[in-house]
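Working notes, structure below.
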Amino acid sequence: MALQQIHALKQGDTIGLTAPAGPVTKERLQLAVSKIKEMGFDVEIGDTCYEYYGGYLAGTPEQRANELNSMFVNQNILAIFCLRGGYGSLHLLPLLDYETISKNPKLFVGYSDITALHIAFQQKCHLPTIHGPMPASDLIDAEDFTIQSLYSALTKFPFEWRLENPESEPACCLVPGFANGMMTGGNLSVIVSTLGTPFEIDTKGKILFLEDVGEEPYRIDRMLTQLVLAGKVSDASGIVLGTWTECSSERYADGFQIEDLFEKIIAPIGKPTIFNVKAGHCKPSLSLPLGLSAHLDAVNGTLLIGN
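Put into structure tokens, the structure is as follows:
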């Protein structure tokens with residue numbers, strides 16, 4: 001099945017705002033809406049953005065899934081932004097109407113816990129998505145670099161996306177070589193949580209992007225090792241490593257650092273690999289297209305995605 005054709009946004013288009021995972025305060029919601037409007041877009045706020053369920057969820061699984069299904073069908077909405085991450089997107093996977101979503105493709109933006117939805121949409125709907133900042137957790141106080149990267153992705157999609165880290169922070173080569181394939185991946189913790197389920201990530205012949213936040217090195221070690229044992233690293237054509245914010249350890253300050261884990265776990269597989277790509281839980285942050293064909297030149301630390 002061919003990739004779904006998605007139209008870029010223009011000024012005045014309406015973005016649907018939904019909360020498929022965690023809740024936010026009304027104050028942060030209003031700040032988030034204001035930020036989207038500053039970018040030149042109208043906003044339709046979903047009911048889940050006001051919900052609070054069980055302490056860490058923005059509504060029941062059914063509420064969140066039904067709203068997301070409805071936003072894909074709503075012809076007034078031309079893109080969907082996830083309000084924030086947290087936890088809860090996994091609940092939605094068996095409840096979404098993938099056939100209907102396939103027939104109503106539109107831009108879908110989020111990251112972190114939203115990785116579960118990115119994977120499902122790519123594999124079940126052949127829908128490209130954008131791994132990008134979320135209004136309540138990122139856009140409120142985002143730097144110009146982050147805003148411009150997102151705006152470019154929204155208004156030029158699909159387009160030839162070229163890796164352009166902030167100045168003086170180049171992507172670096174871990175394993176030299178070249179790779180072609182569809183971009184997939186996202187948050188390491190969430191990717192690992194899909195293993196053994198009907199929504200398990202498929203990395204065969206694809207370029208796998210990984211990032212995470214707030215995990216000590218031994219946890220990153222465990223999850224990377226699990227990916228390797230599951231064959232997901234060897235199946236991939238190449239690896240792109242994003243940011244690993246707050247992933248150091250005070251208890252083991254003289255122990256392995258994240259870069260050591262890449263050398264010990266990822267590098268021996270021999271796939272072309274780059275690291276220090278500024279996408280994920282970082283400021284500033286790139287908006288990274290997923291589900292589109294890409295070319296990785298690990299020798300020179302470059303990545304091209306799309307047309």
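Quick note: the sequence shown uses UniProt numbering, first residue 1, plus one each step. Glycine included, each C-beta is placed from N, C-alpha and C at the ideal position. Just so we're clear, the structure is a prediction, and the values are computed from it rather than from any experiment.
Query raised in the report: Okay, do the segment 282 to 297 and the segment 156 to 165 touch, 3+ Cβ pairs below 8 Å being the bar?
Result: Counting C-beta pairs closer than 8 Å gives three or more between the segment 282 to 297 and the segment 156 to 165, which meets the contact rule.
Report task. Name the two residues that bound the continuous alpha helix (DSSP H) containing D202. Result -> Membership of D202 in any alpha helix (DSSP H) is not indicated, and neither H nor E is assigned to it by DSSP.
Query raised in the report: Between which two residues does the beta strand (DSSP E) carrying I130 extend?
Result: I130 -> beta strand (DSSP E) spans T129 to H131.
Query - Reduced DSSP category for T243 - H, G, I as helix; E, B as strand; rest coil - result: Strand.
Requested in this report: Keeping to the same chain, check which residues put their C-beta closer than 8 Å to that of G88; ignore five residues upstream and five downstream.
Outcome: Cβ contact annotation for G88 (same chain, cutoff 8 Å, sequence separation greater than five): P20, A21, G22, Y56, L57, A58, P61, R64 and D113, in chain order.
Query raised in the report: Using 8 Å as the threshold, is the segment 114 to 133 in touch with the segment 178 to 196, meaning 3 or more CB pairs across them?
Result: Three or more beta-carbon pairs separated by less than 8 Å link the segment 114 to 133 to the segment 178 to 196, which places the two stretches in contact.
Query - Beta-carbon proximity of G214 to E246, cut-off 7 Å - result: With respect to E246, G214 sits close: the two C-beta atoms are nearer than 7 Å.
**Report entry** C-alpha distance - G185 paired with Q122, whole-angstrom precision
**Finding:** Going by C-alpha positions, G185 is about 10 Å away from Q122.
Report task. Scan the segment 70 to 116 and note each continuous alpha helix (DSSP H) run of 4 residues or more that stays entirely inside, going in chain order. Result -> For the segment 70 to 116, whole alpha helix (DSSP H) runs of length 4 or above, ordered along the chain, are 89 to 92 and 98 to 103.
Query raised in the report: DSSP three-state call for A253: helix, strand or coil?
Result: In the structure shown, A253 sits in coil (DSSP, three-state: anything other than H, G, I, E or B).
**Report entry** Separation of S248 from R219, as counted between CA atoms
**Finding:** Here the alpha carbon of R219 sits roughly 11 Å from the alpha carbon of S248.
Query raised in the report: Taking C-beta to C-beta, are C173 and I15 nearer than 7 Å?
Result: Not in contact: C173 and I15 (Cβ atoms no closer than 7 Å).
Report task. Can you grab the Cα-Cα spacing for the pair Q75 / G270, in whole Å? Result -> So the two alpha carbons sit approximately 46 Å from each other.
Query raised in the report: So, L83 versus L9, is the Cβ gap smaller than 7 Å?
Result: Not a contact, by the Cβ cut-off of 7 Å.
**Report entry** For P170 and A279, the rounded distance between their alpha carbons
**Finding:** Each residue's alpha carbon lies about 12 Å from the other.
Query - Where S225 sits in the DSSP three-state scheme - result: Before going on, a small fix: residue 225 reads as Thr here, not Ser. T225 falls in the helix class under three-state DSSP.
Query - Identity of the residues DSSP links to D42 by a beta bridge - result: Paired residue(s): T14.
Query - Neighbourhood of E200 by C-beta, 8 Å cutoff - its chain only, sequence neighbours within 5 removed - result: Excluding sequence positions up to five before and after E200, its CB lies within less than 8 Å of the CB of T194, all in the same chain and listed in chain order.
Requested in this report: Return the first residue and the last residue of the alpha helix (DSSP H) that V152 is part of.
Outcome: A small correction: the amino acid at residue 152 is Ser; Val does not occupy that position in the sequence shown. Per DSSP, the unbroken alpha helix (DSSP H) holding S152 starts and ends at D144 to K156.
Query raised in the report: Looking only at C-alpha atoms, which of D254, I266, L303 and A253 sits nearest to F178?
Result: Nearest C-alpha to F178: L303.
Requested in this report: Kindly list the residues whose CB is nearer than 6 Å to the CB of L127, restricted to its own chain and excluding five residues on each side of it in sequence; keep chain order.
Outcome: These residues qualify, in order along the chain: Q4, P105 and F121.
Query raised in the report: Would DSSP call I36 helix, strand or coil?
Result: Annotated three-state conformation of I36 is helix, per DSSP.
Query raised in the report: Which same chain residues, not among the five before or five after I305, have their C-beta less than 6 Å away from its C-beta?
Result: Within the same chain, I305 has close Cβ partners W161, M183, P289, L292 and A294.
Requested in this report: Helix, strand or coil for E211, going by three-state DSSP, please let me know.
Outcome: Residue state, collapsed to three classes: strand.
**Report entry** Cut-off 6 Å between Cβ atoms - residues of its own chain near S102, not counting five sequence neighbours on either side
**Finding:** Answer for S102: C125, listed in chain order.
Query raised in the report: To the nearest angstrom, how far is it from the Cα of L241 to the Cα of V175?
Result: When rounded, the separation of the alpha-carbon atoms in L241 and V175 is 12 Å.
Requested in this report: Specify, as a first and last residue, the run of the beta strand (DSSP E) that I274 falls within.
Outcome: Counted as a single uninterrupted DSSP element, the beta strand (DSSP E) harbouring I274 occupies residues T273 to F275.
Report task. Pull up the distance between the alpha-carbon of N165 and that of V277, whole angstroms please. Result -> Between N165 and V277, the C-alpha separation is close to 7 Å.
Query - Neighbour-count burial assignment, T146, 16 or more Cβ in a 10 Å radius - result: If you draw a 10 Å sphere on the C-beta of T146, you find 16 or more other C-beta atoms in it, and that means buried.
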